[in-house]
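Below is one structure, written out as structure tokens, with a few remarks after it.
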Amino acid sequence: MTTFSLVTLCIVALLIVVRYQKEIFNWSKTILRQKGLLKNDAADDPSNVKRLAPYPAQPIRGRKQYRVMMDVRRMDSQNWLTLDKHYIEEHRVRDHLLREKRSEVLRCLPESLEACQEALEDVSDFLCQRFPNMFEKSSENDQTFIRNCMTGEKFDLGRSAPSGIDTDALEAAVRLTMEDLSIIMLNEEGEYYLAASASLFPTGWTVQERIGWTISRMHEPVPLWHQQVASSVSKFLVRLTPASPMERSNYFVEIRRPDENLFEILYRPGSLCEKELDNPLPEEIIIRRERQTFRRLPPSHARLENLVTEMKSWPDHVSEYKGKHVWSKKVLEFYNKRVATAPCETKEKVEV
Ligand code: HEM
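With mature numbering (1 follows the signal peptide of the UniProt record, and there is no 0) applied, the sequence shown corresponds to residues -20 to -1, 1 to 332, in that order.
In structure tokens:
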């Protein structure tokens, strides 16, 4: 073999390695595991979810003066949705709630159905990409499914059939996550309101009672809400874009009766501190943390957005060829309206 052909062979081999590096890496991991030379890591094996530590809670800052605050920061996008060792036991509680208290914890107003479907797609894409061994997608007869490898559940990701139930998509999404999910939309008065919600672990409220409420009405019980934060929250929601998801966290103090099980600890639609338990032991006092993330859903107008971007780039003769003068004004009007009213998705995660 000449030096030239040897060098060419090496270059070809190198190109193949670079092109298929992911496949080669996964294949070598499988071989090494089969030979017992490599242990599974927690994110790789469905049964190892039990080894994943909970997402760290934000510290309590110890502020000397109380002020109701938005206190939002950029979302840690890699951890939009989280999994941890409590997944299976909390999933059991969530399943029980969805069966026994469905109308209290899950509601979707008719205008939110498209957004709920998009939320399910977003949640599925994220989980399959972030936890590829816990969730997987498959296609059968033109239908796409997501399978939860930890519980064996399987959900159809296609658009709900006309005979389907309105809450199907949001229910599937919230059965996959450890987090609660809500959709807020803009009403005709320009106010955001709760259009759909699967809030299984609420603190002092229920979806059944507050579905359709505006953000302003929702927060009426919060002391000093209207004086100190209401207008900033409205501006915050209007400015939220698909590219700038945000998060905040809060805490509540909860009294846990000695004989309470996980269901009773997590599902607290009433009071967090029962009056009859007014002299609790230190071990009965829990600090309950909630991490809330906020993002504007993009896909409903993504295709439209791409069309608007592309049509701006067309030279005159292309615009004429595509008949832009006939339809562009209407398309732009529709686009601007859609962008201004696109729904926001929020989710809450409870940590005890
Ligand atoms: C889907 C949207 C939202 C829902 C469903 C929601 C729901 C709630 C509920 C039920 C409460 C307790 C009210 C009560 O005591 O009855 C609350 C408290 C509160 N919410 Fe929201 N909220 C939402 C969005 C927001 C946003 C966007 C902000 C600010 C950026 C915010 C900040 C607060 C604050 C500061 C409190 C008081 C407790 C605390 O310190 O966190 N919420 N929220």
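Yeah, the Cβ is synthetic: ideal placement off N, Cα and C, and Gly gets one too.
Exercise. Taking C-alpha atoms, which residue in Q45, W60, K30 and R197 lies nearest to H71?
Worked result: Nearest of Q45, W60, K30 and R197 to H71, Cα basis: K30.
Problem set entry | Check whether E168 and V52 have beta carbons under 8 Å apart | One thing to note: E168 has its Cβ no nearer than 8 Å to the Cβ of V52.
For this session: Please determine if the region 44 to 58 and the region 194 to 209 are in contact, where contact requires at least 3 C-beta pairs separated by less than 8 Å.
Result: Touching, per the Cβ criterion.
For this session: Could you tell me which residues DSSP puts in a beta bridge with F232?
Result: Note: F232 sits in a beta bridge opposite R268.
Exercise. Relative to the alpha-carbon of V85, which residue among E290, K215, K309 and S179 has its alpha-carbon at the smallest distance?
Worked result: The shortest C-alpha separation from V85 is found at S179.
For this session: Indicate the three-state DSSP secondary structure (helix, strand or coil) for D136 in the structure shown.
Result: Reduced to three states, the DSSP call for D136 is strand.
Problem set entry | C-beta atoms of W67 and M130 nearer than 8 Å | Sequence inspection shows Tyr at residue 67; the Trp mentioned does not correspond to that position. Against a cut-off of 8 Å, the Cβ pair of M130 and Y67 comes out as a contact.
Exercise. Going by the CB atoms, is the gap between T273 and M114 shorter than 8 Å?
Worked result: No, the pair does not count as a contact, with Cβ atoms beyond the cut-off.
Exercise. Between R268 and C324, is the Cβ-Cβ spacing less than 8 Å?
Worked result: When the beta-carbon positions are compared, R268 and C324 stay at least 8 Å from each other.
Problem set entry | Contained alpha helix (DSSP H) runs [length at least 4] in the region 36 to 85, N- to C-terminal order | As summarised for the region 36 to 85, the continuous alpha helix (DSSP H) elements at least 4 residues long and confined to that stretch are 67 to 80 and 82 to 85, given in chain order.
Problem set entry | Start-end ranges of the beta strand (DSSP E) lying completely within the region 105 to 135, minimum 3 residues | 115 to 120 and 123 to 128, all fully within the region 105 to 135.
Problem set entry | Nearest residue (CA-CA) to S162, options G170, G138, L156 and V187 | Closest in C-alpha terms to S162, from the list G170, G138, L156 and V187, comes V187.
Problem set entry | Unbroken beta strand (DSSP E) run spanning A178, endpoints | Here the beta strand (DSSP E) through A178 covers Y172 to A178.
Exercise. If you follow the beta strand (DSSP E) that L161 is part of, which residue opens it and which one closes it?
Worked result: Per DSSP, L161 belongs to the beta strand (DSSP E) from D160 to L166.
Problem set entry | Neighbourhood of V103 by C-beta, 8 Å cutoff - its chain only, sequence neighbours within 5 removed | For V103, where only same-chain residues beyond five positions count, the Cβ hits under 8 Å are L61, A153, L156, T157 and L161.
Exercise. Measuring from the CB of V103, is there a heavy atom of ligand 1 at a distance below 7 Å?
Worked result: Proximity of the beta carbon of V103 to ligand 1 is not indicated: no heavy atom of the ligand is located closer than 7 Å.
Exercise. Thinking C-alpha only, which one of E263, E264, F243 and I266 is nearest K80?
Worked result: With the sequence shown as reference, residue 80 is identified as Glu, and Lys is not the correct amino acid for it. Nearest of E263, E264, F243 and I266 to E80, Cα basis: F243.
Exercise. Quick one: what's got a C-beta closer than 7 Å to F216's C-beta in the same chain, skipping five residues either side?
Worked result: Only M50 and V52 meet the Cβ criterion.
Exercise. Does DSSP put F181 in a helix, a strand or coil?
Worked result: Shown here, F181 sits in coil according to DSSP, grouped into three states, outside any helix or strand.
For this session: Please work out which residues of its chain come closer than 8 Å, Cβ to Cβ, to R248, disregarding the five sequence neighbours upstream and downstream, and give them in chain order.
Result: Closer than 8 Å at Cβ, skipping near neighbours: F181, P182, T183, G184 and E234.
For this session: Please report how far the alpha carbon of P142 lies from the alpha carbon of D122, in whole angstroms.
Result: Any reading at P142 needs caution, since the residue's pLDDT is 48, under 50, leaving its predicted position unreliable; the model's value is listed next. Cα to Cα, the separation comes out at about 17 Å.
Exercise. Going by the C-beta, is residue 333 closer than 7 Å to any heavy atom of ligand 1?
Worked result: Given a span of -20 to 332 for the chain in the structure shown, any question on residue 333 remains unanswerable.
Exercise. If you run the structure through DSSP and keep just helix, strand and coil, what is T(-13)?
Worked result: DSSP places T(-13) in helix when its eight states are reduced to three.
Exercise. Since V154 is in the alpha helix (DSSP H), which residue starts that stretch and which ends it?
Worked result: Under the DSSP assignment, V154 falls in the alpha helix (DSSP H) whose first and last residues are D148 to L156.
Problem set entry | Alpha-carbon to alpha-carbon, A95 and P278 | Distance between the alpha carbons of P278 and A95 is about 10 Å.
Exercise. In chain order, what residues of the same chain have a beta carbon less than 7 Å from the beta carbon of L77, not counting five sequence neighbours either side?
Worked result: Only V85, L180 and Y247 meet the Cβ criterion.
Exercise. So does G184 have its beta carbon nearer than 7 Å to some heavy atom of ligand 1?
Worked result: Correct: G184 has its Cβ closer than 7 Å to ligand 1.
Problem set entry | V73 beta carbon near ligand 1 (any heavy atom closer than 7 Å) | No; taking the cut-off as 7 Å, the Cβ of V73 has no heavy atom of ligand 1 nearer than that.
Exercise. Roughly how many angstroms separate the alpha carbons of L107 and C88, rounded to a whole number?
Worked result: The C-alpha of C88 is placed about 23 Å away from the C-alpha of L107.
Problem set entry | One or two residues paired with C88 in a DSSP bridge | For C88, which the question treats as bridged, DSSP gives the partners A176.
For this session: To the nearest angstrom, report how far apart I(-5) and I4 are at their CA atoms.
Result: Distance from the CA atom of I(-5) to the CA atom of I4, rounded to whole angstroms, is 10 Å.
For this session: Look at the alpha carbon of K134 and the alpha carbon of T124, and state the distance between them as a whole number of angstroms.
Result: The alpha-carbon atoms of K134 and T124 are separated by roughly 10 Å.
Exercise. Using the beta-carbon count (16 or more within 10 Å), is V(-14) buried or exposed?
Worked result: V(-14) should be labelled exposed.
Problem set entry | For M291, the residue or residues it bridges with in DSSP | According to DSSP, residue pairing for M291 in a beta bridge does not occur.
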